[in-house]
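Below: one structure, written as C-alpha cells.
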Amino acid sequence: MNKMLAAVFHKDETSGGEIKLEEVDIPKIKKDDHVLIEVKASSICGTDLKILKGGHPATDNTILGHEFAGEIIEIGENITDLKIGDKVVVDPNEKCGYCINCRRGLSNLCEYMALGTTFGIFQNGGFAKYCVLPRSALFKLPDSINLIAASLIEPLACAVHCHNIADVKESDNVVIIGAGPMGLIIESVIRKHPIKRLISIEMDEWRGHKALKLGADHWINPKTQNVKQEIQNITNGEGADVIIDAVGIAETFEMATTIWAPGAKLVCFGQDYRAEAKIKPNDIVRYQRKIIGSYIGYAEDFLDAIELIANHVIDVDELITTTIPLSDLLTTGFKLMNERKCVKIITIP
Ligand SMILES: [Zn+2]
Ligand SMILES: [Zn+2]
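Take 376 as the starting number for the sequence shown in the working numbering and just add one per residue.
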C-alpha cells in the first residue's frame with residue numbers, strides 16, 4: 376500500500392527520452408512547510424510531448440505532470456492556513472520571492488525558476504496519485520469547485536496573463552494565430568470581453584472548427600486561403616489591432632507583420648527557442664506598433680483563473696475533450712494529443 380502508479384520521465388541525450396508508467400514509493404513530507412496532496416486530476420500539456428522529443432528540458436527520473444489539482448491529506452507543522460481535506464491547485468513554477476525580478480513584480484521571470492524548479496518537469500509532479508509540494512506552490516480552492524475542471528487553472532492562468540498583456544479594447548479586431556490547446560484557451564478568455572471581432576488562423580480542420588465553436592467570428596486556413604487578403608476583407612481594410620501568436624515560429628511571426636494595423640500590438644505567446652524571424656524596424660516606428668512577450672503568469676492571474684473556473688465563466692466542457700485513467704496516459708492520452716484532435720485531456724490517477 377505504500378506504492379503508487381506514476382508517469383516517470385527517463386532522459387535519453389539523443390532521442391529526448393521516454394515516459395514509463397511505474398510503481399514508485401508514495402512520497403513523504405520532509406519539511407514543516409510541505410503538504411501531501413492526493414492528485415484528483417492532471418491535465419496533459421503539449422510541453423509533455425515536447426519533453427519526450429527533446430524539445431524541452433526536464434530532469435531524468437522525474438514524475439511529469441504540471442497542470443494538476445487535488446486534496447490535502449497530510450500537512451506540515453508550520454502550515455496554519457490550510458487543513459486536511461482542502462482542495463488546492465498547484466502553481467508548478469516555484470518562485471524565490473527575493474531575486475531582482477521577483478522584487479520588481481516580475482515573479483514570472485524569477486531568476487531562481489530559470490535554474491529549473493518546475494514541478495512536473497524538474498521536480499516530481501502530478502502524473503501520480505500523490506505529490507509532496509511546498510505551501511508556496513498551492514492555491515486554496517473553493518469547496519464547491521470541480522477538481523477535474525480545476526486542472527485547467529494553470530494553463531488558464533497563462534491565458535489570463537496573455538489577455539492582460541494584450542489589453543484588448545472594444546474596438547479591436549483580434550487575431551489569434553494557432554488554435555492548439557493554448558490558442559483555444561486564450562480565445563475562451565478573450566471571448567468573455569467585448570471586442571469588435573475575433574479571427575482565428577489555423578491550418579488544421581478540427582482545430583479551426585473548434586475555434587469557431589468557442590466563439591471565433593471567422594476562421595482562416597493559411598493552407599488554402601490568402602491570410603493577408605482575408606484579413607483585409609473581414610476587417611474592411613483595417614487590419615488586426617491585436618494579434619496573439621500562439622505558435623511562435625518564424626512563419627507565424629512574419630505572418631503577423633503582414634496583417635497588423637497601424638498602432639497594433641503583437642503579443643508573442645507560443646515558444647520555439649530555435650525560431651528566428653525577419654522584421655523591418657521601420658514597420659514598427661512608422662506605424663507605432665508594439666511587440667510584447669507574454670510568459671506564464673503572476674499569482675494574481677491564478678486567482679483570476681480560479682474565479683473563471685469556480686464561477687463557470689469558461690466553458691470547461693468545450694475545453695476538456697476527454698478524461699482518462701492515468702494508466703491510459705501513454706496509449707489513449709498521447710495518441711489523441713499526437714492526432715491533434717483534442718483540446719485538453721485529463722488523467723485521473
Ligand atoms: Zn503546460
Ligand atoms: Zn525570484
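C-beta: ideal position from N, C-alpha, C; glycine also. All figures in this text were calculated on a predicted structure; none of them were measured in a lab.
{"Asked": "Beta-carbon proximity of Ile624 to Ile595, cut-off 8 Å", "Found": "no"}
{"Asked": "For review: beta carbons within less than 6 Å of any heavy atom in ligand 1", "Found": "Cys420, Thr422, His441, Glu442 and Pro530"}
{"Asked": "Ligand 2 heavy atom lying under 7 Å from the CB of Lys470", "Found": "yes"}
{"Asked": "Cross-strand partners of Pro509 (DSSP beta bridge)", "Found": "His409"}
{"Asked": "Any 3 or more C-beta pairs closer than 8 Å across the stretch 454 to 472 and the stretch 513 to 529", "Found": "yes"}
{"Asked": "Rounded separation between Glu545 and Leu559 - CA only", "Found": "20 Å"}
{"Asked": "Segments assigned alpha helix (DSSP H), at least 4 residues, entirely inside the stretch 426 to 491", "Found": "475 to 478"}
{"Asked": "Distance, Ala639 Cα to Asp542 Cα", "Found": "11 Å"}
{"Asked": "For Val622, the first and last residue of its enclosing beta strand (DSSP E)", "Found": "First-last for Val622: undefined, no H or E at that position."}
{"Asked": "For Ile634, three-class secondary structure by DSSP", "Found": "helix"}
{"Asked": "Under 8 Å between C-beta atoms of Gly445 and Gly555", "Found": "no"}
{"Asked": "Those residues which DSSP pairs with Cys643 across a bridge", "Found": "Asp620 and Gly668"}
{"Asked": "Asn476 Cβ short of 7 Å to ligand 2 heavy atom set", "Found": "yes"}
{"Asked": "Cβ-heavy atom distance, Tyr670 to ligand 2, below 7 Å", "Found": "no"}
{"Asked": "Check: Tyr673 C-beta below 7 Å from any heavy atom of ligand 2", "Found": "no"}
{"Asked": "Segments of 3+ residues assigned as beta strand (DSSP E) that fall wholly inside the stretch 684 to 718", "Found": "695 to 700"}
{"Asked": "Where the beta strand (DSSP E) containing Ser575 begins and where it ends", "Found": "Arg572 to Ile576"}
{"Asked": "C-beta contact flag for Lys424 and Ile496 at 8 Å", "Found": "Note that residue 424 is Leu in the sequence shown here, rather than Lys. In this structure, Ile496 does not lie closer than 8 Å to Leu424 by Cβ."}
{"Asked": "Collapsed DSSP secondary structure at Ser390 in the structure displayed", "Found": "coil"}
{"Asked": "Euclidean distance between Cα positions of Ser702 and Phe384", "Found": "15 Å"}
{"Asked": "Opposing strand residues paired with Asn548 [DSSP bridges]", "Found": "Arg572"}
{"Asked": "Short Cβ contact (8 Å threshold) for Ile520 with Ile684", "Found": "yes"}
{"Asked": "Neighbour-count burial assignment, His409, 16 or more Cβ in a 10 Å radius", "Found": "buried"}
{"Asked": "Cβ-based burial, Glu452 [other Cβ within 10 Å; buried from 16]", "Found": "exposed"}
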